[in-house]
Structures are given as structure tokens and as C-alpha cells.
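Enquirer: The structure that follows is given in the form of C-alpha cells.
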Amino acid sequence: MKELSTKETITIGLMLFALFFGAGNMIFPPALGQAAGDNVWIAMGGFLITGVGLPLLGIIAVGLAGGNLQTMASRVHPMFAVVFTFIVYLSIGPFMAIPRTGTVTFEMGVLPFLPESMKGSWVPLFVTTVVYFAITFWLSLNPSKLVDRIGKVLTPALLIIIGLMFVKSLISPMGEVGQPIGSYQDTAFFKGFVEGYLTLDALAAMVFGLVVTTAVQDRGIIDRKKVMWSTIKAAILAATGLGLVYLALSYLGATSVSIAKSENGGQILTGVVHQLFGPLGSLLLGAAVTLACLTTSVGLVTACSQFFSSRIPSISYKNMAVILSVFSAAVANVGLTQLITFSVPVLMAIYPLAIVLMLLTFCHRMFNGHRSVYVGAITATAVISLLDGASQLGLSIDSLTPILEQLPLYKVGIGWLVPAIAGALIGLLWASLTRSVPIVRETK
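Numbering (UniProt numbering), first residue to last: 1 to 444.
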């Protein structure tokens, strides 16, 4: 029976790496590295769990659950599956992740090269986003060519650019590692863990899982176990690449305190490449950011167009890609700061739900797939994560704060963990006491 060749596995793995690795992934590790200082590797330990480990688990979990997010989420409840799936697709799609790629491309790949007289105008951003999303739409027109276009061309170019930055920093060291600041002084690991939310990759994994399995099947692999194994190998390759790049970028940030002290990862990278490469630095950074943004944007528009067109049959894939590209271009013109401000509360609310759903999927056989376990864990997680999201949004929860602060790990942003475990145990107890609760069998 046919199996993927090593070359095909590498190509799909590079495609998956590129789909995950967007502009946000470039700017968060340097900011973490600079803020964490001497504790950079401890903080990166937490960041790698949510920024690398969870995406890897997400790809595998979707495959184990039957190949798509809605099937996995339906183990909680059919209505939850519909609502949660739509929220995830909207979050990593037209409301946050796709527009962010266009805005970051402008701010780091175009804005530095504009004359001062144009930097305050809305016109350059508008023109950039129109051109950028037109290119995104064109690349998304034929999903079957996504592997060749991204895996063979754009990803290697991106890796070469990042590799040059790292090697040059080793040859010409920029300075000593600084002192940790803020939460990185005492809770660096947990701070890094929560910072990994901002990559959006755990949510994206629930979508890209279908993209990868489709790419494998397009190569003639039909047997379910072989599809799963091929997907896992490609996911491991992509996760390894993400981990290495994150470590390199965090090192750049940690050693750049003396030349580019800032809380903004984009400004840090700008200062770093200027120090390492002189006048060509900004051009190099702009090229890297543009490639990272474009590959992610294409993957997200493709995945979201496939999903929404399948749910709304009256709108074809092509027309849905047009709608998403135009809408994303419009949202991108709101500005990067506003997009990030909006995204943080949403991620604090839904990211823990995604994490718990993944973990339950891997433990599915241990509790015989009882729906009550899913319901208990997700319900308990939702209570805490929604309150966290409300707090980040600026809504007052002062009356509940003293109670919430009694939860283990709440002050470091992971207060949902113990309630999730408790909810799962309560669900398991309920399942053992009654047979009225249906059992969700493992997908064959």
C-alpha cells in the first residue's frame, strides 16, 4: 500500500510550518526574550508548550477525532460543536488572524520605507492591504497547489532569511543578556505559557489538521492509519522547525537590550537587523515578515473558505475566498493596535477551551469516551476562561475576584486548569453512577 516518500513528507511539513508561522510568531519571541532576560529559557519552556506543543497535539487530535474540529467538539454537545467551531474559524479568520497578517506586513514591510510625509496618511495602508489580499486571493484560488507554492518556494526562502539573522548574531554578538522584568522575574514559565496564546496556533491547528490530511490524501494515501501516521510525521517536522526558530528569535531579543530596548517585538527586530546588516537590515526584515504573513494568510483563507462554503452551499469556494479577502482587507485598515487589543480578551476566553478539548481527545479511551466527562471539563473551564476574557475586556468582575484568586495558578493566568480537572472527575463520577448518559465511541 502506498506511503508518502520522504520528499513528500518534508514538503507537506514545510507547508504546515509556513501556515503556522505568521508575523505574530516572528515578533512575540524577541519581545519575550528581551523581557525575560536571564530567565529567557525558562520562559521559552512555557512558550514552547503553547506555541509548539499544542499545535502539534492539535493536528494529531483532529485526526484522532475524525478529521475536523466540529467532529471533535461534538463530543461535548452538537450545539457546542457548531458554536465553538464557528468562533474558532472567525477568530483565526476574518476577525483577527487574517487581517493581522495584512496590517503587520504594512507596519514592518512597507512603513519603514515610506517618506515621512506619507507615514501619517491612511492611503499607504489601504493600498498595501488591497494589493496584499489580492495576492492572497490569487494564491488561494487553487488549494491543490498550496503544497507546491508554499512548501517548495516560500517556506525555504523564509527559513533562509531567519537563518541569516541568527548566524550573523552569533558571528557579531550584540551584547549581554539583560535582567528579567515584570512577571518574568518570578513566574517566567507561566508568563511564557500565556504569551504563547498570542500565536493563535493551537486554534489554527484545529483547522490546519484538515488541510494536512487533505494534502496527504491528494498524494494517493487512502488508508486511515497511513494518513494519520503521515500527518503526524509532517506535524513533527513543522513543530521542530517552529521550536528552533522560536529559540533563535528569543535569543536575538535577549541579547539586544543595549541596541533595541522595547516591549514591541517588531521594533526589537527592526533594531536587531539594522545592527546586524546595516541599511539592508530593514529590507531583509520586510521580506521575512511579508513571506511569513503571506503564507499564513493563504492557508487561513483557504481553510476558512472551504469551511464556510461547505456550511453555506449557496456560496462557492471562490466567492467565499473573495468575501473573506475583501472583509479582511477592510478590517486590517482598523490598525494593528486595535486588532491586538480586541484579540487578547477573545483568546483568554477560548484558548483554554481548545486546550482542554485537545487533552480530552487524547485521553478519550481512558474514560471510555463518556460525554459527561467532556461536558464537565469544558463547562468548568468555560466559567473561568469567560471571566478572564471579560476582565481583559475591561468589564468589572471585582466582586468575584477574591473568590477567583483562591484558585491555584489563577494569578499566573492558568486558573482554569484545576476546575477543568475537577469538572472531568465529576463527569466521570456521574458516568459511573448512571447509564442514562450516552457514551461517545471512538471514531473508527
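Idealized CB from N, CA, C, for every residue including glycine.
For residue 77, which three-state DSSP category applies?
Expert: coil
Enquirer: Only counting runs of 4 or more residues, tell me where the alpha helix (DSSP H) segments fall wholly within the segment 156 to 217, in order along the chain.
Expert: 188 to 195
Enquirer: Apart from the five residues just before and just after residue 424, which ones in its own chain have a Cβ nearer than 6 Å to its Cβ?
Expert: 373, 376, 377
Enquirer: Contact between the segment 176 to 186 and the segment 195 to 204 is defined here as three or more beta-carbon pairs at a separation below 8 Å; is this criterion met?
Expert: no
Enquirer: Is there contact here, the segment 30 to 46 with the segment 67 to 80, by at least three beta-carbon pairs under 8 Å?
Expert: no
Enquirer: Below 8 Å CB to CB, which residues in the same chain sit around residue 124 once its five sequence neighbours on both sides are set aside?
Expert: 106, 110, 111, 114, 118
Enquirer: Could you tell me the boundaries of the alpha helix (DSSP H) in which residue 317 lies?
Expert: 317 to 332
Enquirer: Quick check: what's the CA-CA separation for residue 231 versus residue 367?
Expert: 25 Å
Enquirer: In whole angstroms, what separates the C-alpha of residue 313 from that of residue 281?
Expert: 47 Å
Enquirer: My assumption, with CB atoms under 8 Å, is that residue 54 sits in contact with residue 348. Please give the rounded CB distance.
Expert: Not really, about 15 Å apart at Cβ, beyond 8 Å.
Enquirer: Residue 162 and residue 245 look like a contact to me (Cβ under 8 Å); what is the Cβ gap, rounded to whole Å?
Expert: 6 Å
Enquirer: Residues in the same chain with beta-carbon distance under 6 Å from residue 345, minus the five sequence neighbours each way, listed in chain order, please.
Expert: 389, 392, 393
Enquirer: Measure the alpha-carbon distance for residue 309 versus residue 317 and round it to whole angstroms.
Expert: 5 Å
Enquirer: Report yes or no: do the segment 124 to 137 and the segment 325 to 340 share at least 3 C-beta pairs separated by less than 8 Å?
Expert: yes
Enquirer: Just the C-alpha distance for residue 84 and residue 252, rounded to the nearest angstrom, thanks.
Expert: 37 Å
Enquirer: Between 380, 353, 37, which has its C-alpha nearest residue 192's C-alpha?
Expert: 37
Enquirer: What are the start and end residues of the alpha helix (DSSP H) that includes residue 274?
Expert: 265 to 277
Enquirer: If you draw a straight line from the alpha carbon of residue 339 to that of residue 235, how long is it in whole angstroms?
Expert: 29 Å
Enquirer: How far does the alpha helix (DSSP H) with residue 7 in it reach, from first residue to last?
Expert: According to the DSSP assignment, residue 7 belongs to the alpha helix (DSSP H) that extends over 6 to 20.
Enquirer: Determine the closest residue to residue 360 out of 321, 57, 243, 319, with distance taken between C-alpha atoms.
Expert: 57
Enquirer: Looking at residue 250: is its Cβ nearer than 8 Å to the Cβ of residue 33?
Expert: yes
Enquirer: Would you mind working out which of 352, 322, 212, 289 sits nearest residue 446, comparing C-alpha positions?
Expert: In this structure the chain extends from 1 to 444, so residue 446 is not present and cannot be described.
Enquirer: Does the beta-carbon of residue 26 have 16 or more other beta-carbons within 10 angstroms, so that it is buried, or is it exposed?
Expert: buried
Enquirer: If you drop the 5 nearest sequence neighbours on each side, which residues of the same chain put their C-beta closer than 7 Å to that of residue 397?
Expert: 387, 390, 391
Enquirer: Figure out for me which residue from 99, 17, 80 has the closest Cα to the Cα of residue 301.
Expert: Per the Cα distances, 99.
Enquirer: In the DSSP assignment, find the alpha helix (DSSP H) that holds residue 95 and state where it starts and stops.
Expert: Careful: residue 95 lies outside any alpha helix (DSSP H) and carries neither H nor E.
Enquirer: Does the Cβ-Cβ distance between residue 419 and residue 384 come in under 8 Å?
Expert: yes
Enquirer: Tell me whether residue 306 is buried or exposed, calling it buried when 16 or more other Cβ atoms sit within 10 Å of its Cβ.
Expert: When all chains shown are included, residue 306 counts as buried.
Enquirer: Closest to residue 326 by C-alpha separation, out of 62, 395, 342, 297, would be which residue?
Expert: 297
Enquirer: In chain order, what residues of the same chain have a beta carbon less than 8 Å from the beta carbon of residue 88, not counting five sequence neighbours either side?
Expert: 69, 203, 206, 207, 350, 354
Enquirer: Thinking residue 177 and residue 295 are a contact (beta carbons under 8 Å), I'd like their distance in whole angstroms, please.
Expert: Their Cβ separation, rounded to whole angstroms, is 31 Å, which puts residue 177 and residue 295 out of contact at 8 Å.
Enquirer: Run through DSSP, which three-state label would residue 119 get?
Expert: coil
Enquirer: State the start and end residues of the unbroken alpha helix (DSSP H) segment that holds residue 363.
Expert: Note, residue 363: premise wrong, no alpha helix (DSSP H); not H, not E.
Enquirer: Is there a Cβ from chain D that is less than 8 Å from the Cβ of residue 128?
Expert: No chain D is present in this structure, which holds just one protein chain.
Enquirer: Alpha carbon to alpha carbon, how far is residue 82 from residue 430? Give it in angstroms, no decimals.
Expert: Rounded to the nearest angstrom, the two C-alpha atoms are 25 Å apart.
Enquirer: What number of angstroms, rounded off, separates the C-alpha of residue 181 from the C-alpha of residue 31?
Expert: 12 Å
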